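Protein chains in written order, with the working numbering: chain S, 6 to 309; chain P, 1326 to 1665.
We treat Cβ as the ideally placed atom computed from N, Cα and C, and that holds for glycine.
On a predicted model such as this, the values are computed, not experimentally measured, just so you know.
Some notes on the structure that comes next.
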């Protein structure tokens, strides 16, 4: 029978090709899934709640600083050490952007990204919608890339939500104007805004590693909750490991190790070394866990 | 069911829409076999053999019933055909292309409903379909909204299209799942238990829809545990039990494979049984006023005459055709809903 198969491949294969020619799909149509995925993700109640929490952080920080400094004392002067830049907020509202990003980057932002990334494949498997996407056919590699692209888009959106909320609150509660860099030089408000945007993008880029890690975890299980919990759990574990001095040998390879290097963008001239190390590390994580996710997902039996 | 009357135990052709004899030996190279598997086997990691050496041949244009008790490997087979599960060994060809390698070219021509519908509860019915349609890279975004509206109309969901899917009843979800399978003109529809959760009216509508699609030339691969459903709409059927294919072929032949019975209804069952045995009939069974036996090869009129001559009062006399269910029980040697 296999002889017969080999002898007549043209007759058997002609049928799908003929019909495909009738439809002549455009290469651009493949982006329809990405557009739909972005819209679907942003319409989820959970996504909106996460963004709401992120937007609330700068509001809380701003109000807290305002109340604490209403008697004339400086913020962070009470002995306790707050997030970076917190002492400068009263002089310039723009610093609330940096403070808010420094406050959310260690936990709130990566947690939100971990939820979205962890749910990416596992959530679809859990709901059973994964099998219908795949027989549509979305294509496993295409679906994975779409999910990763959406997660990265969420990283940018989440960071910009924090930054924008902080800018608005900072402008409402505190004066704006020229600002002093860490190096002591003064830069104009316009340049300060530019640096704030750059910092926001660097913060978003710092989340690339977590996003890839979460996506990989998401391909391992059929439970969205388990994938989210695992990703967030890994995030906490890794942050603890990064605090243990005895582990300094492995710490440069921990994805969160250079996160706070974004503050170097506020030096004059900018100190790039750690910033570049951070981006290299994120790229490494994206490559390793992206490849692992791909290897796992393209070979997986979809039984959910 | 015109096919039933054309059945003849010796020939394989039953004059369905292909106009060609149905291949029951799994010849996968011919263009009119829509699904062809060779020794398809799936062993799960736990060592459980879910599908064992399956040779399936689904002729083009047929409505193919896929039967088997729960746990007999039907769904695993369907998942392998759809490229969701990698076979352990053997090959599967769908629309002439190997699966799962050719999913990209094959699946746009296949509509599928697998193990019930799965929907995004927070999206409306319409948005669910828009999402599934955008997942297909060969689906034209310019016609997306019209095609979605047509599919919704086809399954009678137009009025509920704007409602969130989580508010749908099971029957409505099932319809929406069917609509997703009908977003494009398809060559093959794979429907796993399509009438699950539907009321009798809904079942009738789905059966009518299946017949309508089949008359347009779409091959329908229908898995069901409802035997009468298979008998009503299917031209061909395959029976699975414990991961193995028991039989496949035109429905009429399968039913013919089971023995039909001569049934005599009489107020004198004891006497009737004695006469039938005297006439050389085997396997005579008495149940109240019904006496049944294997039909003899000779003219039944003689048997009837013998009964009347012996003074047996006969109320009814005739051959009872075997149903697909009888055939199934005869083949699997077990009740239908026993897990394999």
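Query                                                                                                                                    : Result
Sheet register partners of residue 1573 of chain P (DSSP bridge)                                                                         : P:1563
The stretch 207-214 of chain S / the stretch 93-101 of chain S touching (three or more Cβ pairs under 8 Å)                               : no
Chain S within 7 Å of residue 1479 of chain P, Cβ atoms only                                                                             : no
The stretch 101-110 of chain S / the stretch 273-281 of chain S touching (three or more Cβ pairs under 8 Å)                              : no
Simplified DSSP assignment, three categories, for residue 1415 of chain P                                                                : strand
Span of the alpha helix (DSSP H) around residue 281 of chain S                                                                           : 278-303
For residue 1515 of chain P: DSSP bridge partner residues                                                                                : P:1437 and P:1546
Residue 1360 of chain P - containing beta strand (DSSP E), residue span                                                                  : 1358-1368
Among S:256, S:221 and S:261, nearest to residue 297 of chain S - alpha-carbon criterion                                                 : S:221
Per-residue contacts from residue 301 of chain S into chain P (C-beta, under 7 Å)                                                        : Result: empty, since nearest Cβ-Cβ is about 13 Å, beyond 7 Å.
Residue 275 of chain S classed as buried or exposed, judged by whether at least 16 other C-beta atoms fall within 10 angstroms           : exposed
Neighbourhood of residue 1547 of chain P by C-beta distance below 6 Å, restricted to the same chain and skipping five residues each side : 1390 and 1516
Proximal chain S residues relative to residue 1447 of chain P, where beta-carbon distance stays under 8 Å                                : 48, 49 and 50
Beta-carbon gap between residue 4 of chain S and residue 115 of chain S smaller than 7 Å                                                 : Outside the displayed range of chain S (6 to 309) lies residue 4 of chain S, so it cannot be described from this structure.
Continuous alpha helix (DSSP H) assignments of at least 4 residues falling wholly in the stretch 1431-1488 of chain P                    : 1450-1460 and 1469-1479
Anticipated Cβ contact below 8 Å, residue 219 of chain S with residue 119 of chain S, distance rounded                                   : 5 Å
Distance between residue 122 of chain S and residue 271 of chain S (C-alpha atoms, nearest Å)                                            : 30 Å
Reduced DSSP category for residue 1398 of chain P - H, G, I as helix; E, B as strand; rest coil                                          : coil
Beta-carbon gap between residue 1644 of chain P and residue 1607 of chain P smaller than 7 Å                                             : no
Listed by chain order, chain P residues near residue 41 of chain S by CB distance under 8 Å                                              : 1455, 1456, 1459 and 1460
Cutoff 7 Å: residue 37 of chain S Cβ touching any chain P Cβ                                                                             : yes
Where residue 1523 of chain P sits in the DSSP three-state scheme                                                                        : coil
Distance CB(residue 35 of chain S)-CB(residue 1425 of chain P) smaller than 7 Å                                                          : no
Inter-stretch contact (C-beta, 8 Å, three-pair minimum) for the stretch 140-154 of chain S and the stretch 298-309 of chain S            : yes
Endpoints, beta strand (DSSP E) assigned at residue 1424 of chain P                                                                      : 1422-1424
is_contact[residue 1409 of chain P, chain S] using C-beta, thresh 7 Å                                                                    : yes
C-beta neighbour in chain S for residue 1397 of chain P, strict 7 Å                                                                      : no
CB contact flag (residue 1454 of chain P, residue 1473 of chain P, <7 Å)                                                                 : yes
Contact residues within the stretch 131-148 of chain S, judged by C-beta distance below 9 Å to chain P                                   : 132, 133, 134, 135, 136, 137, 138, 139, 140, 141, 142, 143, 144, 145, 147 and 148
Cutoff 7 Å: residue 124 of chain S Cβ touching any chain P Cβ                                                                            : no
Any C-beta of chain P under 7 Å from that of residue 230 of chain S                                                                      : no
Exposure label - residue 1401 of chain P; buried when at least 16 CB within 10 Å                                                         : buried
Neighbourhood of residue 1380 of chain P by C-beta distance below 7 Å, restricted to the same chain and skipping five residues each side : 1351, 1362, 1363, 1364 and 1570
Contact between the stretch 1506-1522 of chain P and the stretch 1548-1559 of chain P (3+ Cβ pairs under 8 Å)                            : yes
Pick from P:1359, P:1632, P:1436 and P:1494 that is closest to residue 1476 of chain P, judged by C-alpha positions                      : P:1436
As assigned by DSSP and simplified to three states, the class of residue 1617 of chain P                                                 : strand
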